[in-house]
Amino acid sequence: MKPPWKSLYQKSAPKPGKGKTGHKHLWAVIEKVLTERVPAIWDGQRDQAISENEFSTIEAAIKRELPRQFRKAMNILADGFTTGIRSLGWDVPIPDHHHNIRDTPSLYTPDSVETAQQFQKIEDLFLSRLKSLWEGSSTTQRIGVLLLSAILYGGLHQKRWLNAWLRSLAKAPNIWGDWLWLHLEWRPQDAPKRKRSHRMTSWNLNRTWVADPVTELLILNWRQHFPNEHEKIKGESPEDILKAAVEYIGWEKPPGKQLVHSLSGIASSRDIDVLPGFLVEYQSGHLPCTSLPPSSLQRFFTGEVPREELTFLPHTTARQRKHKRIAEETQPSANVEKSIRLIDGLTSFIRHRSQSARAIAGLSESNQSPWEKITTAKTLKAINSVLRHGRPYLTPAARLLLEWGISLCEKASSPLELRKGSPLAPSSIATYLSLISTGVLENIDTDELRDLTGLEFEILYETVLSYPHTTAQKIRMAERLQQFHGFLTAKFGDISEVDFNEIFACYGLPSKRVKANIITFAEYRALLKSFGFDRSRRGRWEEIYLVILILAFRCGLRRSEIHGLQIADIKDLVRAEIRIRPGRFRDPKSVTGNRRIPLYALLPANELKIVSNWLKKRQCEELDRTQPLLQHPETGDCLIPPHRLFDPVVHALRSVTKDTTLSFHSFRHAFATFTLLKLVWPKDLNVKNLPAGLRDESFSLDARTRLAQDLLDNQQQGVRKLHAIAMLLGHAEYGMSFRSYIHLTDWLLAVFKRQDICLPMVSNKALGQLAGLSEQGVFKCKRENPSRSAMFQNQLHNKVQRWGSQWKLKLDSITPTPIMHEKTAEDIFWLPPWAMALGEYLKAAQNNSDLMSPPSGTDATMAKLMYERLRDLKSRRMMFARRVIPKFAETYDVDHSGLVTDSLKQAQELRKLLEMLNLSSIRLEAHYRVSRSQTVEERDRIIETWSEALRVPKEQVKQKDFGPGKGLVVLKVMQERQSVRGDREAIASGGWRFVLALVNHQIPPQKKHL
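In full-length UniProt numbering, the protein residues as written are 1 to 1010.
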């Protein structure tokens, strides 16, 4: 057996004692079929080709011989053909990677019957209470009834969102037509204290909750009868509010779990019977999705765009952004400068293949075409060449960076590096190296990376993260640093651990950030029109841009996939399809990126005609089918530069939507989101008021049926449809598609909640109380609307139209939501999350109290002086200050006028910070009260310990009342009392003013230090 089949055989071999049957038979069939039809391919000879007809016969033979192992055999062929194309120059069609599709795992548990009976019992009590709605209820009980309804019928099953739901309830709801939704924003204080270090991700920081009909009617009724009660929602815990609600309806909680967990489990038991499995997993938090931001969700419902002037961000190249420097005092040595030049030349060679880059990388003898594709083998050769020729100039850190680049070329799964086993494309390797190499090399100099301590690693990474200016750039760089540190850990084993969660939190970054946004069908049609879609005569550039738009929005292709398309990649005979496979110019992002996309099922007839006409034009112009699909005479036979190909499309997109946060990748997000809706939308789904963002002919019954028949073997609800979406996107698992690309799952959940099977059977009296109808009105409503869904939607529509303007709710969404532009590092440098939370806490205190007055006089002068000196700190000192100041703020206590702590280390850090700011002359004192149980020796030991930590005379550690000291900072040791905080020590600033100044005095740092 020869390459590439030998390595695949070894890889697919079963583990000892497991799966011995079937493996040899599988490979015997593969060998037999390939030997009979394409023996040269089986022998691993170079420059071989397989036609479409030959591949069809191979596929049929394998399916006939291996009906049960067909998918596995085709996946082996896909891996082998991909390797042959890259290393042996084969020209063969790539079969799709078949996912091992399993049915949805059963969500039923042994106690499902018991919990279903409990749901029936609590639902009966809840509906009976609706007959006398709000009668004899308190404010807490009324709010509890709303929250209970949201849990039972609205899918609010995660405890972590309950506090956010109560905060949003206090604000005016968002209403369009008969849809009502709340934007939920999670805060760190919502988590239990033991989980305050919760990793921030895009899908658990924000969520949209779309109301079900029962809860929506309750909220509208509550707003009508108690118009000012939303202002009285206090900081009570959801557990206490729900206890008041269940007491109001007369339900007794079974012993065991907490009330919130009990209600969530009971509600989930009913949803298992009435909802698709993936929606049950979503509302329970097991299948996370990223919700749309408010402005994008508004565009989805209304079809309108914000009426704002478009302001384009100044255009800077990646090289210009990369070479902005902060640490001006750091002068790289000659070796560092040469190392940076060598790695820059290497990445430029991989990306652009320029002659100057070849010379820098020591590859000037190469005579390849400037636009010839750089394969993984050539990338490895280039990196090894730089390591060999540049060894005298490379620092140890530079050599480790290049070794990391070599590991990225290899196919190896590494949890430490957050890799799943697929080798990266050469362009991605160049991006990884260029992102972090300059920052790491300039700040590590000639030190060995493996000798750094954990604290030194954190300081290094935080210094590197201060280079980029935007949050998106910081996130990309932080992820690459985390992967590089994982490589060091895997290589040496004894590398110090680094808490990347703390580094992410230091800059206010989520550990995984998804840029959630979509493009609606109305905006897409406006884009097509701007490039002459409705005209019979168009220029060549307009035709190119139309093809790009259609393939991006209707097929979800990436930029690199569109850029590297060849003429032969589109098949336009009986059923048009496009094949994403390794080609002359570009490779797919990963192995799972090899796929076939059915154009005939995804594209409307008029758009398919545009793509077909362009393909015929290119076929007439070129006899060589390996030429690029998108070509213009101005650029010759080479690929069109990416900026000329995609920048006009992005500029037109932002001009149409007036949203500068949109990018070309937003087309892919829209494709994933709308394709999910098309596949899971049942035929009998009754939605009276469909959002304007879904009004398109592709959502017709015929179009959805044609798409489902092509992608699915059957019409059953389950994970098959989810795998189909992952296959179209080129993802290895559908979880990745949900987390990063699908953004309307919360609205889809609300759609299913509006169906008859999910709605309760409400009595006439309860319906009259909810909708405000008389007895005759209830009979008329039920006579005109035989189904429960139609009845509820009709009453919601009437209720909103009648009372909405009176409550001043946003009914038509005609007032645009301001677009939240991305904050730069300068904007958020001194306002991390801890500072904003502290500011809200202080503002919520007694506004008339003298202690809450703004700083003035000496305190304000001192605060400004500290700010001036803080922003003048450089490099590692700046990172130290940014690390310790949040710790001081977390322990700050207004009642005790100080920073409460029991850590001597924190006192030492406070002294060190003051010395860095040249404020060591400030007097520090230790104040404490003596406990009766303490001996004289214990008191002397306290005095000695804290005087050494603060480096102050023992006379300054003494007993004193808890009042504001004369100096800026006072250290106090608190007495052990049952009513206070126990035996703890406190560090206090001259009252509250020092920490408050850190929040309110927003003195921006100087730009030269960012």
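Backbone N, C-alpha and C fix where the C-beta goes; we use that ideal spot for every residue, glycine too.
For residue j and residue i, the rounded distance between their alpha carbons
i, j, result
"R668", "D684", "28 Å"
"G636", "R64", "47 Å"
"A526", "D569", "28 Å"
"L8", "L34", "15 Å"
"G556", "T520", "14 Å"
"K232", "R160", "22 Å"
"E54", "L394", "51 Å"
"V591", "K378", "18 Å"
"P213", "N221", "12 Å"
"S56", "L629", "25 Å"
"L433", "M736", "25 Å"
"H743", "S149", "24 Å"
"I219", "R618", "59 Å"
"R558", "G250", "56 Å"
"residue 1020", "T376", "No information on residue 1020 is available, as it lies outside the stretch 1 to 1010 that the chain covers here."
"K6", "W27", "11 Å"
"K24", "A73", "12 Å"
"F646", "D746", "32 Å"
"S903", "Y461", "26 Å"
"C781", "K678", "32 Å"
Limits of the unbroken alpha helix (DSSP H) element including residue i
i, result
"N221", "213 to 225"
"N174", "No alpha helix (DSSP H) contains N174, which is instead part of the beta strand (DSSP E) from 174 to 176."
"T705", "701 to 711"
"R142", "139 to 153"
"W90", "Looking at the DSSP string, W90 is not in any alpha helix (DSSP H), and its letter there is neither H nor E."
Residue i classed as buried or exposed, judged by whether at least 16 other C-beta atoms fall within 10 angstroms
i, result
"residue 1015", "Beyond the ends of the chain as shown, which are 1 and 1010, falls residue 1015; an answer cannot be given."
"residue 1026", "What the structure shows of the chain is the stretch from 1 to 1010, and residue 1026 is not part of that stretch, so it cannot be assessed."
"Q588", "Checking the sequence, you will find Pro at residue 588 rather than Gln. By the 10 Å Cβ count, P588 comes out buried."
"P604", "exposed"
"S348", "buried"
"C620", "exposed"
"D124", "exposed"
"P4", "buried"
"I757", "exposed"
"S333", "Confidence in S333 is poor, its pLDDT being 45 and thus under 50, which makes the residue's placement unreliable; the coordinate value appears in the next sentence. The residue is exposed, with fewer than 16 neighbouring Cβ atoms inside 10 Å."
"E909", "buried"
"N384", "exposed"
"P227", "exposed"
"C638", "exposed"
"F487", "buried"
"Q10", "exposed"
"F457", "buried"
"T705", "exposed"
"K972", "At K972 the pLDDT is 47, less than 50, meaning the model places this residue with poor confidence; the figure from the coordinates comes in the next sentence. Answer is buried; the Cβ neighbour count reaches 16."
C-beta contact flag for residue i and residue j at 9 Å
i, j, result
"T463", "S740", "no"
"I85", "R581", "yes"
"V762", "L130", "yes"
"E216", "L796", "yes"
"A790", "N686", "yes"
"E229", "R142", "yes"
"L147", "A267", "no"
"I518", "F752", "no"
"A907", "A881", "no"
"L653", "F664", "yes"
"R595", "G454", "no"
"T208", "L169", "no"
"K398", "S339", "For the sequence presented, residue 398 should be read as Ala rather than Lys. Cβ distance < 9 Å, so A398 and S339 count as in contact."
"residue 1011", "S264", "The first residue shown for the chain is 1 and the last is 1010, placing residue 1011 beyond what the model contains."
"A49", "W90", "yes"
Enclosing beta strand (DSSP E) for residue i [first to last residue]
i, result
"I580", "577 to 580"
"H183", "179 to 185"
"W209", "206 to 210"
Any alpha helix (DSSP H) of 4 or more consecutive residues that is wholly inside the region 564 to 652: 599 to 602, 605 to 621
With a floor of 4 residues, list each alpha helix (DSSP H) that falls wholly inside the region 739 to 787, ordered by position along the chain. 745 to 753, 764 to 771, 775 to 784
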